[in-house]
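Beneath this line is the structure, given in structure tokens, with notes to follow.
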Amino acid sequence: MIRLPLRIHLFALVGLLTGLSLGPARVAAQDMAPADAARPIIIASDPWCPYACDPATDGREGYMVELAREIFQAAGYRVEYRVVNFAMLKRMLHDGSATAVPGAATDMGGALLLPALAQGNSANAVALQREKDFTYSKPDDFSPYRVGIIKDYAYGGDVQRYIDQHQANPDRVWVLSGFGYSQLVQGLRQIQGGGLDLLLDDYNVLRWQLRRLALDDQMRVVSLKDDADLFVGLSRSDARAPLLARLLEDGTRRLRAEGRFLAILARYGLHEQPMPER
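According to numbering that gives the first Met the number 0, the sequence shown holds residues 0 to 277 in order.
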């Protein structure tokens, strides 16, 4: 599901991009006021592994956090990662106490500046019991099922319109709340017990949780095939956002050209896919 390198057919262009990628650290030092350059970059997220993980639970930060950390540290910044709930994350974006958010599919109502080059790709998916059938082509395919969703998450497009239409009906849509992995674990356990038919989330996130909970033999994940690009978004409340977005673009290109991006992905069991620029 992760979209990665563009196919560049001219070796000269690859070399040019790789060479140019050495410049952003110098540009950052020159363009940034001393106080802004010294201020740490705060990456904040609720747990959404493999994109952004909880090190206390998963033993790692998440591939997008690792990617952003490597790019920003190479440019001379100090980087901190904080695991927070989604409501706190939104407050931190608006008051500027969070600098970057991994796994953003939208600008969150104008709160985020997204780089021109995506750092990943996401498709909605559902988890269900292995013996049950489910084929998706349109939101009305959810109608016979009780679907679990995560409170405050936005699923986008036609799927979100279905949720908005039926969220007041618990026989159609059941809202799960909590912190960390508690919502997903709660939803998966309800599928085990028959309280829910489907659990809606990201394809890779659901697969990660099934492996973590050793439920692969009992449940499966079906993609809705509505892929959307994912970004490390920058808070518009931080004056450094435009420069940091440029660092992410150039750094992502560099790490792709060097093969480093693929090495980070491999740590999370992910595979290369094409990832176009916006």
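Backbone N, C-alpha and C fix where the C-beta goes; we use that ideal spot for every residue, glycine too.
- I42 has Y80 and A99 as its beta-bridge partners, per DSSP.
- Distance check between A240 and each of E69, P114 and E130 places P114 closest, using alpha-carbon atoms only.
- The shortest C-alpha to C-alpha distance from L195 to any of D106, V146, F85 and A124 is the one to V146.
- Residue pairing for F230: DSSP places it in a beta bridge opposite A103.
- Between K150 and L183, the C-beta spacing is not below 9 Å.
- Taking 9 Å as the cut-off, the Cβ atoms of T98 and I40 count as close.
- Beta-bridge pairing by DSSP links Q128 to M218.
- Ranked by Cα distance from A238, the options A74, Q118 and L92 are led by L92.
- Boundaries around D201 are those of the beta strand (DSSP E), L197 to D201, since no alpha helix (DSSP H) includes it.
- Just measuring C-alpha positions, the residue of D35, P49 and D53 sitting nearest G179 is D53.
- G95 has its alpha-carbon roughly 16 Å from the corresponding atom of V231.
- For S181, the uninterrupted alpha helix (DSSP H) segment begins and ends at S181 to G192.
- D139 places its beta carbon less than 9 Å from that of Y161.
- In the DSSP annotation of this structure, the continuous segment of the alpha helix (DSSP H) that includes L243 starts and ends at A240 to E257.
- Taken through DSSP and simplified to helix, strand or coil, L66 comes out as helix.
- Straight-line spacing of the CA atoms in G268 and G58 works out to 15 Å.
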